[in-house]
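Below you'll find the structure, written out as structure tokens, and then a few comments.
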Amino acid sequence: MNKETINEETMEELFEIFTDEMLAGKISYDDYLPKFRENTGVTENSPYELMYRGFIGGLYIASCVTEDTNN
0 MNKETINEET MEELFEIFTD EMLAGKISYD DYLPKFRENT GVTENSPYEL MYRGFIGGLY
60 IASCVTEDTN N
């Protein structure tokens, strides 16, 4: 794994990139990781990628729970 330090500012920047791309419909759950790597230059298995994967996974689970409670 890359030895990169993730500070608060970097996390906020990555979060903004992610949300902008999701809201613009540029990425979907099936292709989020390759597009994220391509658009940001993040390397495989780096802390940035792992954080992003955890974040999108959490959103996916939350969306499933929300769908269930809305029915």
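When the letters of the sequence shown are read in order and numbered with numbering that gives the first Met the number 0, they come out as residues 0 to 70.
No residue lacks a Cβ here, since even glycine has one placed at the ideal position from N, Cα and C.
Note that the coordinates shown come from a computational prediction; the quantities given were computed from them, not determined experimentally.
For asparagine 38, the three-state secondary structure derived from DSSP is helix. Taking all protein chains in view, the Cβ of phenylalanine 14 is surrounded by fewer than 16 other Cβ atoms within 10 Å, so the residue is classified as exposed. Taking arginine 36 as reference, the option from Phe17, Leu22, Ala23 with the minimal CA-CA separation is Phe17.
Proximity to lysine 34 across Glu20, Thr9, Ser45, Phe54 peaks at Glu20, based on C-alpha coordinates.
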